[in-house]
Amino acid sequence: MNAFRLAGDMTHLLSIILLLHKIRAMKSCAGISLRTQELYVIVFVTRYVDLSMKYYSFYNSIMKIVFLGTSISIVWYMRYHKVVKQTYNKDVDTFRHIFLILPCFVLALLINRAFTVIEVLWTFSLYLEAVAILPQLVLLQRSRNIDNLTGNYVFLLGAYRAFYLLNWIYRFFIENHQVRWIPWLSGLLQTAIYADFFYYYIKSWKNREKLKLPA
Amino acid sequence: GRAVSRKDEL
Numbered sequence: 216m217n218a219f220r221l222a223g224d225m226t227h228l229l230s231i232i233l234l235l236h237k238i239r240a241m242k243s244c245a246g247i248s249l250r251t252q253e254l255y256v257i258v259f260v261t262r263y264v265d266l267s268m269k270y271y272s273f274y275n276s277i278m279k280i281v282f283l284g285t286s287i288s289i290v291w292y293m294r295y296h297k298v299v300k301q302t303y304n305k306d307v308d309t310f311r312h313i314f315l316i317l318p319c320f321v322l323a324l325l326i327n328r329a330f331t332v333i334e335v336l337w338t339f340s341l342y343l344e345a346v347a348i349l350p351q352l353v354l355l356q357r358s359r360n361i362d363n364l365t366g367n368y369v370f371l372l373g374a375y376r377a378f379y380l381l382n383w384i385y386r387f388f389i390e391n392h393q394v395r396w397i398p399w400l401s402g403l404l405q406t407a408i409y410a411d412f413f414y415y416y417i418k419s420w421k422n423r424e425k426l427k428l429p430a
Numbered sequence: 002g003r004a005v006s007r008k009d010e011l
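The listed protein sequences correspond, in order, to chains A and B. Following my numbering, the numbering of the first sequence begins with 216 at its first residue and continues without gaps. Following my numbering, the numbering of the second sequence begins with 2 at its first residue and continues without gaps.
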């Protein structure tokens with residue numbers, strides 16, 4: 216495993232730890248989109264259906280279980296925890312899942328490497344992951360106050376796929392791996408969606424101001 | 002030849 220891949224996985228893991236910290240210690244999910252979190256559950260469930268069938272490494276299996284477990288528990292806290300659920304900005308988190316799920320599923324049926332259940336689900340999970348942050352970004356744009364934890368959470372989540380892009384470049388040129396258009400292009404789109412957020416995040420950090428996205 | 006890409010990523 217190269218350093219970019221590890222950095223990507225670690226920023227991804229750190230983003231989840233940050234969000235769980237906000238939920239468990241602060242007892243708050245203010246500014247967090249339940250829609251996005253539910254999309255991540257769908258992403259992980261459809262991508263890791265091969266967990267019981269194919270073994271790559273201890274690291275891989277553990278990380279998959281962690282991503283599945285934490286994403287499900289985040290959704291549980293936001294929906295059912297009696298204190299946390301009251302901090303959820305339900306009225307502004309209105310993005311409809313189906314507008315993302317349906318096109319991604321149709322695209323996965325049309326563009327995939329092999330027309331098998333596992334392969335189509337895997338492809339679907341990549342397409343859906345690329346756009347799953349959209350409800351979260353819409354929610355941030357509508358929020359007057361973005362707390363540091365939430366801002367850092369979204370930043371780490373964006374940094375994760377950016378590191379994966381470097382990892383793919385490294386694997387292609389240095390480790391001589393094959394071309395993989397589906398993960399590469401969806402990963403590129405996923406990172407590009409964060410461009411605007413990155414710009415304002417870095418700007419607010421440089422000016423030591425509170426993060427605010429223009430409406 | 003190039004290495005076959007396995008789905009060993011997350």
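Note that the Cβ used here is the ideal one computed from N, Cα and C, for glycine as well. Quick caveat, the model's predicted, so the values are computed rather than measured.
- For N275 of chain A, the enclosing alpha helix (DSSP H) has its first and last residue at F273 to Y295.
- For the pair R7 of chain B and E390 of chain A, the Cα-to-Cα distance works out to about 13 angstroms.
- For Y385 of chain A, same chain residues with a beta-carbon under 7 angstroms away, outside a window of 5 residues either side, are N217 and F219 in chain order.
- When DSSP states are grouped into helix, strand and coil, H312 of chain A belongs to the coil group.
- Any Cβ of chain B closer than 8 angstroms to the Cβ of E390 of chain A would place that residue at the interface, and such an atom is present.
- Under a 10 Å Cβ-count criterion, F259 of chain A is classified as buried, with 16 or more other Cβ atoms of the shown protein chains found around its own Cβ.
- Per DSSP, the unbroken alpha helix (DSSP H) holding I333 of chain A starts and ends at V332 to V346.
- Residue pairing from DSSP places A4 of chain B in a beta bridge opposite A:H392.
- When Cβ-Cβ separations below 8 angstroms define contact, F282 of chain A makes contact with chain B.
- Here DSSP, grouped into helix, strand and coil, assigns D306 of chain A to coil.
- Leaving aside the five residues that flank K279 of chain A on each side, the residues in its chain whose CB is nearer than 7 angstroms to its CB run, in chain order, Y263 and L266.
- If you draw a straight line from the Cα of L354 of chain A to the Cα of F412 of chain A, it comes to about 12 angstroms.
- Residue burial is scored here from C-beta neighbours: E424 of chain A has fewer than 16 other C-beta atoms within 10 angstroms and is therefore classed as exposed.
- With 16 or more other Cβ atoms inside 10 Å of its own Cβ, S286 of chain A counts as buried.
- In the three-state DSSP reduction, G246 of chain A falls in the coil class, being neither helix nor strand.
- Where S419 of chain A is concerned, the enclosing alpha helix (DSSP H) starts and stops at A410 to K421.
- Interface criterion not met: the Cβ of K427 of chain A is under 8 angstroms from no Cβ in chain B.
- Taking 8 angstroms as the cut-off, the beta carbon of Q405 of chain A is found closer than this to the beta carbon of A345 of chain A.
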